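Protein chains in written order, with my numbering: chain Y, -3 to 428; chain X, 43 to 207.
We put the beta carbon where it would ideally sit given N, CA and C, even for glycine.
Fair warning: this is a prediction, and the values are worked out from it, not measured in the lab.
Below is one structure, written out as structure tokens; the observations come after it.
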């Protein structure tokens, strides 16, 4: 079996292990001394149990596999093993015209598809120096924040499910339905909407969207109050969240963790405030932060973010400017349908855009936005052709997963389940 | 972002490690000598760029040196970003790992190794991360073909392994 430099499996010559075992051999666990290190009164002679957790386990929130080393019931080491849903999205993107990449990158982090599209579109727009009309920016903000709420609702529901609170999952999905109905209204799709385009959004919101959205905005804070009331008076949930697996902001920063996990530890870093994009500086909103950075803070920060998102959408809807929703630059965006019937030029533009796509000036760009899980950035390298030479997503789940080991070491295995839930990993984004 | 002048000043401070500076679309990039990457990142950290946001790879096919590794640094206090880039040749893609200084680079360097075959010397656990560990080749390289990936089912797994040995 050919293997590249740097790694050599131990014991390849051992008497005929099964093919399955042979492929496992390169995974080495941390030395026993390191795993037990820092535990008072522990003897290295004490037996350690290695537990294979996942990849098919309801509490791993996807196809995540964890090799957990246990001393009794206490977690001593965690090794995440990922790649089970790697689909080569970044490779596929290199084979598509720029505008055809959007539906592919949307499928990475499948709960925050608007954010994936946004990160990619802003990267390409910066390369092309395309300006987004104000209405397009506001429509983007509305959909991004709706998507943030939807993503947090799924997180809240599935996390509560892990903690034994079953009914909240149904309530969360009930509200998410309302959001998906709105997405269906504006774009025709409930998930992976392809609504964001390079230069703006594909279509204006239809009649009746605003009324329905206002209805939702009225309902959502009340429902979020209810979630808080249910969970904050549930003694079991509180005991499993309060004071479990805290991690300080400094360690989190060294591990590259951003988003609600970092804010729960008291660092108010949020790109929407720090480096506003897409008119986020027009809206007033607060950034919820925690104090000690335990699981309860992680829960409370995300729940509070739902209210702030509602607040942002309200302002964006009230101040929604008139005008075009996508750039008028015909070299980038498709001409409207009625122009095709009368204008030869529009027909040529349409033909060029659909067949070849637009060309992007050569260069490289790294464009970060704030996703529900942290800094989601898209790196695009263009070689001047109509296909990207490299698309890379800096997915927050992928980076944040490294913190799980540091959070859970020395805690009970039950707390590790709660921590995995509060980490909010999306395996589609991790594996890409 | 440091402006164009700020970038030049910063590059001058890095001394002979700097190979090239690029100021493009209001983003600052400094291309540095791959041998000195650790000291460059350390001196930028002293400048306030204390957060390593991302490490990712890129293939400059067909130009040599082909493989690139990009380090995205962030200064949270001043909301400032700088991109540090290195280029290594395909026949000797070795670069020192920065995981010891920046723990966040662990998984990301493994991904660059997996996808591009850049070997990070001194990395504590350099294994493939996304592809299966017996996979051959580095799929994100530009000359790696798309398609033709065999689908392995359990029933013919042993047969498949035999043919590969």
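**Report entry** Backbone CA spacing between residue 140 of chain Y and residue 405 of chain Y [nearest angstrom]
**Finding:** Residue 140 of chain Y and residue 405 of chain Y: Cα-Cα distance of roughly 35 Å.
Query raised in the report: Taking DSSP as the reference, what is the three-state secondary structure of residue 48 of chain Y?
Result: Strand.
Requested in this report: Tell me, please, whether the segment 339 to 350 of chain Y touches the segment 360 to 379 of chain Y by the rule of three or more beta-carbon pairs shorter than 8 Å.
Outcome: No: the two stretches stay apart, fewer than three of their Cβ pairs being nearer than 8 Å.
Requested in this report: Give the interface partners of residue 161 of chain Y over in chain X, defined as CB-CB distance under 9 Å, in chain order.
Outcome: Neighbours of residue 161 of chain Y across chain X, judged by C-beta separation under 9 Å, do not exist; the nearest C-beta is about 32 Å away.
Query raised in the report: When burial is assigned at 16 or more other CB atoms within 10 Å of the CB, is residue 329 of chain Y buried or exposed?
Result: Taking all protein chains in view, the Cβ of residue 329 of chain Y is crowded by 16 or more other Cβ atoms within 10 Å, so the residue is classified as buried.
Query raised in the report: Pairing CB atoms from the segment 289 to 304 of chain Y with CB atoms from the segment 235 to 242 of chain Y, are three or more of them under 8 Å?
Result: Yes: at least three Cβ pairs fall under 8 Å.
Query raised in the report: Quick one: which chain Y residues come within Cβ less than 9 Å of residue 96 of chain X?
Result: The CB of residue 96 of chain X comes closer than 9 Å to the CB of 252, 362, 364, 371, 373, 375, 388, 390, 395 in chain Y, given here in chain order.
Report task. Classify residue 160 of chain X as helix, strand or coil using the three-state DSSP reduction. Result -> Three-state DSSP puts residue 160 of chain X in coil, outside helix and strand.
Query raised in the report: In the structure shown, what three-state DSSP assignment does residue 389 of chain Y receive?
Result: If DSSP states are grouped into helix, strand and coil, residue 389 of chain Y belongs with the strands.
Query raised in the report: Name the DSSP bridge partner or partners of residue 131 of chain X?
Result: According to DSSP, which records beta bridges pairwise, residue 131 of chain X is partnered with nothing at all.
Report task. Compare the C-beta of residue 92 of chain Y against all C-beta atoms of chain X and say whether one is closer than 8 Å. Result -> Not one chain X Cβ lies under 8 Å of residue 92 of chain Y.
Query raised in the report: By Cβ distance, which residues of its chain are closer than 8 Å to residue 178 of chain Y, with the 5 residues on each side in sequence left out?
Result: Once the five neighbours on either side are set aside, the close Cβ partners of residue 178 of chain Y are 142, 205, 208, 209, 212.
Query raised in the report: residue 196 of chain X to residue 165 of chain Y, Cα distance in whole Å?
Result: Each residue's alpha carbon lies about 35 Å from the other.
Requested in this report: Report yes or no: is there a C-beta of chain X within less than 8 Å of the C-beta of residue 79 of chain Y?
Outcome: It does; some Cβ of chain X falls within 8 Å.
Report task. Could you tell me the boundaries of the alpha helix (DSSP H) in which residue 101 of chain X lies? Result -> Looking at the DSSP string, residue 101 of chain X is not in any alpha helix (DSSP H); the run it does join, the beta strand (DSSP E), is 93 to 101.
Query raised in the report: Do you know whose CA, among X:92, X:190, X:45, lies nearest residue 65 of chain X's CA?
Result: Cα-wise, what sits closest to residue 65 of chain X is X:45.
Query - Own chain partners of residue 426 of chain Y with C-beta closer than 7 Å, once the 5 adjacent residues on each side are dropped - result: Cβ within range, chain order: 78, 391, 393, 394, 397.
**Report entry** When Y:194, Y:125, Y:144 are compared against residue 69 of chain X, the one with the closest alpha-carbon
**Finding:** Its Cα nearest to that of residue 69 of chain X, the residue Y:125 stands out among Y:194, Y:125, Y:144.
Query raised in the report: How should residue 60 of chain Y be labelled, buried or exposed, when 16 other C-beta atoms within 10 angstroms of its C-beta is the threshold for buried?
Result: So residue 60 of chain Y ends up on the buried side.
Report task. Could you spell out the range, first to last residue, of the alpha helix (DSSP H) harbouring residue 295 of chain Y? Result -> Its alpha helix (DSSP H) spans residues 291 to 314.
Query raised in the report: To the nearest angstrom, how far is it from the Cα of residue 313 of chain Y to the Cα of residue 172 of chain Y?
Result: Here the alpha carbons of residue 172 of chain Y and residue 313 of chain Y stand approximately 19 Å from one another.
Query raised in the report: Closest Cβ-Cβ distance between residue 146 of chain X and chain Y: below 8 Å?
Result: At least one chain Y Cβ lies under 8 Å of residue 146 of chain X.
Report task. Select from Y:65, Y:97, Y:339 the residue whose C-alpha is nearest the C-alpha of residue 43 of chain Y. Result -> When only C-alpha atoms are compared, the closest one is Y:65.
Report task. Jot down the residue ranges of each uninterrupted alpha helix (DSSP H) in the segment 140 to 226 of chain Y, minimum 4 residues, whole runs only, in chain order. Result -> If you keep only unbroken alpha helix (DSSP H) runs of at least 4 residues inside the segment 140 to 226 of chain Y, you get 163 to 183.
Report task. Please list the residues of the segment 249 to 282 of chain Y that have a C-beta atom closer than 7 Å to any C-beta atom in chain X, keeping them in chain order. Result -> Result list: 249, 250, 251, 252, 265, 270, 271.
Query raised in the report: Among Y:120, Y:86, Y:150, which has the Cα closest to the Cα of residue 302 of chain Y?
Result: Proximity to residue 302 of chain Y across Y:120, Y:86, Y:150 peaks at Y:150, based on C-alpha coordinates.
Requested in this report: Please determine, among X:67, X:123, X:162, the residue with the shortest C-alpha to C-alpha distance to residue 130 of chain X.
Outcome: A check of alpha carbon separations from residue 130 of chain X across X:67, X:123, X:162 identifies X:162 as the nearest.
Query raised in the report: Run through DSSP, which three-state label would residue 142 of chain X get?
Result: Three-state result, residue 142 of chain X: coil.
Report task. Measuring only between beta-carbons, confirm whether residue 76 of chain X sits less than 8 Å from chain Y. Result -> Taking 8 Å as the threshold, the shortest C-beta distance from residue 76 of chain X to chain Y does not fall below it.
Report task. Could you tell me the distance, in whole angstroms, from the CA atom of residue 222 of chain Y to the CA atom of residue 411 of chain Y? Result -> Using only the alpha carbons, I get a separation of about 25 Å.
Requested in this report: Examine the ligand FAD and report whether any of its heavy atoms sits within less than 7 Å of the Cβ of residue 61 of chain Y.
Outcome: The ligand content of the structure shown is nil, which means the ligand FAD is not present either.
Query raised in the report: Leaving out the 5 sequence neighbours to the left and right, which residues in its chain are closer than 7 Å to residue 197 of chain Y when beta-carbon positions are compared?
Result: Answer for residue 197 of chain Y: 132, 135, 136, 191, 321, 322, listed in chain order.
Query raised in the report: Along the chain, where does the beta strand (DSSP E) that runs through residue 81 of chain X open and close?
Result: Residue 81 of chain X: not part of any beta strand (DSSP E); member of the alpha helix (DSSP H) spanning 79 to 88, first to last residue.
Requested in this report: Quickly, what does DSSP pair residue 137 of chain X with across the bridge? List them, please.
Outcome: Partner(s): X:162.
Requested in this report: Have a look at Y:227, Y:424, Y:63, Y:268 and flag the residue whose alpha-carbon is nearest the alpha-carbon of residue 168 of chain Y.
Outcome: The shortest Cα separation from residue 168 of chain Y among Y:227, Y:424, Y:63, Y:268 belongs to Y:227.
**Report entry** Reduced DSSP category for residue 92 of chain Y - H, G, I as helix; E, B as strand; rest coil
**Finding:** In the structure shown, residue 92 of chain Y sits in coil (DSSP, three-state: anything other than H, G, I, E or B).
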